[in-house]
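Structure, as structure tokens:
2 protein chains.
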Amino acid sequence: MSSEERRAQILAASIAVFGAKGYDGATTDDLAQAAGVSQAYVVRMFGSKQGLFLAAFEVVAQRLETDFRAALAEADASLPADADADASQRIHARKQAMSVAYLRLLGERGLHLTMLQAFLRGGDPVIGPVARASFGRIWRFIREEAGFDAEFGKEFLSYGMLLNTLIGLRMLDSDGSGPADELLAMCFPDLDAVAGVVPRADERW
Amino acid sequence: MSSEERRAQILAASIAVFGAKGYDGATTDDLAQAAGVSQAYVVRMFGSKQGLFLAAFEVVAQRLETDFRAALAEADASLPADADADASQRIHARKQAMSVAYLRLLGERGLHLTMLQAFLRGGDPVIGPVARASFGRIWRFIREEAGFDAEFGKEFLSYGMLLNTLIGLRMLDSDGSGPADELLAMCFPDLDAVAGVVPRADERW
DNA sequence: TGTGGTTGTAATCAACTGATTACTCGAAAC
DNA sequence: GTTTCGAGTAATCAGTTGATTACAACCACA
């Protein structure tokens, strides 16, 4: 296998493992086994565990930006410019598209939690600045490229962080009788669709 | 020193250290040194590192509930029942009191992040169920004891989780020229007041 | 054929970590 | 006075972990 393919394979596996176990909790051997290669190979290819985490986080950040951009383009395309002049309808469609895009990313195992793990390492002298810069880019994307107002930006990020937390808590394998199921139904509009794709409480990664 | 005092001292130190370094990142020696006792003593007093984390999380959860309850009582007292019949004004004051109480807890170093660390361990067979139960109690408090509607419940928790993330990112020692300062100003209404109390990027714990 | 580069691993190492054990010290109890 | 007991620690241990090194297998190509 080419080193390019291996690299992508290891990164995909690492996103799943880092998301499930966290940066400190994931060992280089965990990461290697999930990718089906030896521990030594992983370390050599990325220089260090930290290097691998940074690379995995970069993939996550890129994927987020790509998907958000595509979602906005799709929303715009579905309401052609020559339609009626109801701007608020168009804005609503764009907002909706952002949320749906974020929910769809649940299909990428570990993506949300790897991002959150990075955000929790603001005190790390290497990872911290990278994480803050990435968060800053997300905010700039929302405000400038996407053109949303600050109020929606705050709402959207808040909703996203609540989702991340619920995923980390493994709240979603509730049997429907839990104390917070009302909240789950509000946060996951299509609950059944994500039930199979989100991490379960009994899987540690 | 009595073992009761020592216990409280170790728990306070542990909340700071667990919040800064995370569960896996914090060593029992870190925790012991922060509390000014030997590593062996910490382990024996709480049985294990996991036992200490559970005890620290319990303190955090109790503190949250206590402060929320007090904040609501204070809000009710400031608008006596024999005042005008404007229920929406009263509800608004109660909502405001919840947010302010949550922000004030920034004075308890590590409290927010220790909670978030617990929420990220939903896959842990011991900590996971405890964390979910605690989250469930928070939701029930909001909906039943406090009597807020589900919409506000979702908004409040979302806002809280965004705050947690911003704290973890060490976003708050920005010099005012960062890309997301607009967001910070919205999330921390009294920015100067919290600037000295929140973890800085250069302090790892 | 052999030679050099690439992919990949087994073996090993030094450092770290959570936990255990055996011990000290001081004060209260008898 | 010595015995007992709670508070607290130094020393140590077994297991783990990130990283390094030396080496094996394969492939392209002159």
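Protein chains in written order, with my numbering: chain A, 7 to 211; chain B, 7 to 211. All residues carry an ideal CB built from backbone N, CA and C; glycine is no exception. Just so you know, these numbers come straight off a predicted model, no measurement behind them.
Presumed contact (8 Å Cβ cut-off) between residue i and residue j, rounded CB distance
i                   : j                  : result
arginine 138/A      : glycine 128/A      : 7 Å
tryptophan 145/B    : leucine 189/A      : 6 Å
phenylalanine 24/A  : phenylalanine 59/A : 6 Å
valine 43/A         : leucine 117/A      : Between leucine 117/A and valine 43/A the Cβ distance is about 21 Å, and since that is not below 8 Å, they are no contact.
alanine 62/A        : leucine 17/A       : 5 Å
lysine 27/B         : aspartate 35/B     : Contact flag wrong, Cβ pair sits at about 12 Å.
aspartate 30/A      : aspartate 30/B     : 4 Å
phenylalanine 147/A : glutamate 71/A     : 6 Å
Residue i in three-state terms, based on DSSP
i                   : result
tryptophan 211/A    : Caution is warranted here: a pLDDT of 49 is assigned to tryptophan 211/A, below 50, making its placement in the model unreliable, and no coordinate value can be reported.
leucine 85/A        : coil
methionine 7/B      : coil
glycine 182/A       : coil
aspartate 92/B      : coil
threonine 33/B      : coil
arginine 127/A      : coil
valine 132/B        : coil
phenylalanine 154/B : coil
arginine 12/A       : helix
glutamate 214/B     : In the structure as shown, chain B begins at 7 and stops at 211. Residue 214/B is therefore absent and cannot be evaluated.
arginine 143/A      : helix
valine 106/B        : helix
valine 23/B         : helix
phenylalanine 194/A : coil
valine 200/B        : helix
leucine 175/B       : coil
arginine 100/A      : helix
arginine 149/B      : helix
arginine 138/B      : helix
leucine 17/A        : helix
Cα-Cα separation, residue i to residue j
i                   : j                : result
phenylalanine 154/B : alanine 99/A     : 29 Å
phenylalanine 125/B : arginine 176/A   : 9 Å
leucine 172/B       : arginine 96/A    : 30 Å
lysine 160/A        : glutamate 114/B  : 25 Å
tyrosine 6/B        : serine 20/B      : Since the displayed chain B opens at 7 and closes at 211, residue 6/B lies outside it and no answer follows.
arginine 110/B      : glutamine 102/A  : 33 Å
valine 200/B        : glutamine 123/B  : 21 Å
proline 185/B       : arginine 13/B    : 43 Å
arginine 69/A       : glutamine 15/B   : 44 Å
valine 48/A         : alanine 32/A     : 13 Å
proline 86/B        : leucine 112/B    : 29 Å
serine 54/B         : isoleucine 133/B : 13 Å
alanine 41/A        : methionine 121/A : 20 Å
glutamate 80/A      : glutamate 150/A  : 18 Å
tyrosine 165/A      : cysteine 193/A   : 8 Å
leucine 78/B        : glutamate 10/A   : 57 Å
aspartate 208/A     : alanine 46/B     : 32 Å
leucine 169/B       : glycine 182/A    : 28 Å
arginine 50/B       : glutamine 56/B   : 12 Å
alanine 191/B       : glutamate 157/A  : 12 Å
leucine 163/A       : methionine 167/B : 9 Å
alanine 83/B        : methionine 104/A : 42 Å
glutamate 64/B      : proline 135/B    : 13 Å
proline 131/A       : glycine 174/B    : 13 Å
alanine 38/A        : proline 205/A    : 20 Å
proline 195/A       : aspartate 92/A   : 26 Å
phenylalanine 52/A  : valine 203/A     : 29 Å
serine 94/B         : aspartate 187/B  : 32 Å
serine 180/B        : alanine 22/A     : 31 Å
valine 106/A        : alanine 152/A    : 15 Å
alanine 76/B        : methionine 7/B   : 31 Å
The segment 161-173 of chain B: positions lying closer than 9 Å to chain A by Cβ: Glu161, Leu163, Ser164, Tyr165, Gly166, Met167, Leu168, Leu169, Asn170, Thr171, Leu172 and Ile173
Residues within the segment 26-52 of chain A neighbouring chain B, beta-carbon criterion of under 7 Å: Ala26, Gly28, Asp30 and Gly31
Members of the segment 184-202 of chain A that neighbour chain B once the beta carbon cut-off is set at 8 Å: Gly184, Pro185, Ala186, Glu188, Leu189, Met192 and Cys193
Length at least 4, wholly inside the segment 35-85 of chain B: the alpha helix (DSSP H) runs in chain order: 45-52 and 55-84
Cβ-based contacts, 9 Å cut-off: residues of the segment 132-145 of chain A near chain B: Gly134, Pro135, Ala137, Arg138, Ala139, Phe141, Gly142, Arg143, Ile144 and Trp145
Against chain A: residues of the segment 148-162 of chain B by CB proximity under 7 Å: Ala156, Gly159 and Lys160
Near-chain A residues of the segment 89-122 of chain B (beta-carbon distance less than 9 Å), N- to C-terminal order: Leu119 and Leu122
Proximal residues, the segment 69-81 of chain A versus chain B, C-beta separation under 9 Å: none
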